[in-house]
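Residue numbers (the numbering used here): 1 to 463. Below is one structure, written out as structure tokens, with a few remarks after it.
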Amino acid sequence: MNYFERTKIDDIVYDNIADYQDVLVMGWVRTMRVTKNIAFIELNDGSTVHNLQIVVLNPDEFPLDKINNGASIKVRGYLEKVEGREQSIEMKAEEIEVVGEAPTDYVLQKKRHTFEFLREIAHLRPRTSTLGVVNRFRSKMSYAVHKFFQERNFHYIHAPIITTGDAEGAGEMFRVTTFDPADPPRRDSGKIDFSRDFFGQETGLTVSGQLQAELLACALGDVYTFGPTFRAENSNTSRHASEFWMIEPEMAFCDLDEMNVLIEDFIKYLFQFALEEAEEEMKFFNDRIDEDRIEVLKSIIESDFAHVSYTEAIDILKESEEDFEFPVEWGEDLQSEHERYLTEQHFKRPVMVTDYPKKIKAFYMRVNEDDKTVRAVDCLVPEVGEIIGGSQREERLEVLERRMQEENMDLEKYDWFLDIRRYGTVPHSGFGLGFERILMYLSGMGNIRDIIPFPRTPGNAMF
RNA sequence: UCCCCGAUAGCUCAGCUGGUAGAGCGAGUGGCUGUUAACCACUUUGUCGCAGGUUCGAGUCCUGCUCGGGGAGCCA
């Protein structure tokens, strides 16, 4: 079905259009080369990273003086296969209409710009080659996530954005309120009276959809969330954003070992999809961002992930004689340098580390028989360390209650969470994956602010 | 939040032991019969991040602040 009068450039460059066919294209001028008797316009319409070269054989007859970099134009003409240095097909212009002029103070001129500068003009940067590729890649990989789960009969669920709990330690919440911040209603004690707020209680933006996913998994079987997630942490790094997209599958009747197989499959599926279905984007990343990218992805697809317990990992690190900045001690969390040593130096492939000390993990993770460790898993990959974290959930009511008491949690507030353990409880497992993190890994892009169109970070919510 | 580095033309940067600012790119004008990071010639460009201080004199030295980058922590 063709809804539009215009022909898209990706259809032209990927050879879906016959030679000498008349076409109408519309797009933005990337660059132009004009001589007395011939002019060339490179047009990009956002459908592909490739520009269509438009050849103007009699420049005097066209409004070229109104066309600058960034202008939007409509061109009628015919296609022609050529032996060009950069292109195998180009377009001979017969009619050019300027849709929107772009004065020469347009900042996206024909030159390279740093990512730092482009962040300051996030409203225009999607028009650059790299950010165009990133945004199309993001779209394709979103589809890959859904495709993977839908093909396996997982149900896509929508966890609430506005919530009351913080999933116990997942992170600081952004407050949601309709109060006048200068004059909120107060109790006699002087404390703010949230019972008079919009929802009748304190609310915030979700830091994780996991708890709600557990509820739906215990009804629908296998489910996944894929939605925005918010953390009000004062994190200033290249891989943290205050608003990001997280993928959280949750499976009923599934133990940790079964889930680990799924995690490995999921990662390999996404990598394979990128190489096959986002070939243009991966080629761009490999050429322009990181020359090893495709090789790295291929090697991970072909590798068998290593499996090791936390306790074994500690032993490996202690025997390594590596000079770590942070000490290696059973009971302490693994630092980034430890994780990277395991996956890069020791195993030289992705590693699944399981059964962490319960003291350093969340209350909902299933306690092992030793009563010291829980059925948690972190998937570590070279270059970044942890990319996925998950666990088998504690399905035994008494054990979970005891664990929550140890953490001084208010059990009444989590009555609904305990109810699914009271009635027809089942073993279940789930994990979380930051979508931007996987996009960074796939693309080689080094900063999360360049992977999400309009990044929200501490001190920055522009556009 | 902590540690390190930085802020000079639209962009990327140079600017020595303090003496009032320069290049490349971009942009403009002209030229050029197939260019493709086009090419050639000429032209254009500044509250040196902000506020104090030292000095005869500060882009340069000192203090504070703001913003940006890298790393760490928190985490996905």
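Even glycine gets a Cβ: it sits at the ideal position worked out from N, Cα and C. Quick caveat, the model's predicted, so the values are computed rather than measured.
Query: Beta-carbon proximity of V98 to G70, cut-off 8 Å; Result: no
Query: Cα-Cα separation between F40 and G227, rounded to whole angstroms; Result: 43 Å
Query: Bridge partner(s) assigned by DSSP for E250; Result: V223 and G430
Query: CA nearest to the CA of R152, picked from F4, V426 and E250; Result: E250
Query: Residue burial classification, I38 (beta-carbon count within 10 angstroms, cutoff 16); Result: exposed
Query: Three-state secondary structure assigned by DSSP to M352; Result: strand
Query: C-beta contact flag for H338 and V328 at 8 Å; Result: yes
Query: Where L71 sits in the DSSP three-state scheme; Result: A small correction: the amino acid at residue 71 is Ala; Leu does not occupy that position in the sequence shown. Three-state DSSP puts A71 in coil, outside helix and strand.
Query: 8 Å Cβ cutoff met for N264 and G432; Result: In the sequence as displayed, the identity of residue 264 is Glu instead of Asn. Their beta carbons are not under 8 Å apart, which means E264 does not touch G432 by this criterion.
Query: Beta-carbon proximity check, V367 vs R403, cutoff 8 Å; Result: yes
Query: CB of A93 within 8 Å of CB of V75, strictly; Result: yes
Query: First through last residue of the beta strand (DSSP E) which encompasses T203; Result: T203 to L205
Query: Runs of beta strand (DSSP E) lying entirely within the region 7-83, each at least 3 residues, in chain order; Result: 22-34, 39-44, 52-56 and 72-81
Query: Three or more C-beta pairs below 8 Å linking the region 408-421 and the region 258-273; Result: no
Query: V501, enclosing beta strand (DSSP E) - first and last residue; Result: This structure leaves residue 501 out entirely; the chain is present only between 1 and 463.
Query: Pairwise C-alpha distance: F435 and P154; Result: One detail in the question is off: residue 154 reads as Phe in this sequence, not Pro. The alpha-carbon atoms of F154 and F435 are separated by roughly 18 Å.
Query: CB of S429 within 8 Å of CB of G390, strictly; Result: yes
Query: Continuous beta strand (DSSP E) stretch holding I388: start and end; Result: G385 to Q392
Query: Environment of T373 [buried if 16+ CB atoms lie within 10 Å]; Result: buried
Query: Three-state class that DSSP yields for K191 in the structure shown; Result: coil
Query: Residue from T130, L442 and A122 whose Cα sits closest to the Cα of A144; Result: L442
Query: DSSP three-state assignment for R469, whether helix, strand or coil; Result: With the chain represented from 1 up to 463, any question about residue 469 goes unanswered, as that position is not in the structure.
Query: Close Cβ partners of Y356 (< 7 Å) along its chain, the five nearest in sequence each way excluded; Result: Y310, T373, V374 and A376
Query: Under the three-state DSSP convention, the category Y423 falls into; Result: coil
Query: Proximity of F463 and H240 at Cβ, strictly below 8 Å; Result: no
Query: Whole-angstrom distance between N234 and A362, CA atom to CA atom; Result: 21 Å
Query: Local conformation of M409 per DSSP, three classes; Result: coil
Query: The region 277-296 in contact with the region 129-139 per 3-pair CB rule at 8 Å; Result: yes
Query: Local conformation of D415 per DSSP, three classes; Result: helix
Query: Candidates N260, I157, F198 and F199: closest to A217 by CA position; Result: I157
Query: Cβ pair T48, V82 closer than 8 Å; Result: no
Query: Rounded C-alpha distance that separates I300 from D450; Result: 24 Å
Query: Closest Cα partner of A252 within the set F148, L439 and R421; Result: R421
Query: Residue environment, G84, which counts as buried when at least 16 other CB atoms sit within 10 Å; Result: exposed
Query: Three-state class that DSSP yields for Y364 in the structure shown; Result: coil
Query: C-alpha gap between K36 and L64, whole angstroms; Result: 12 Å
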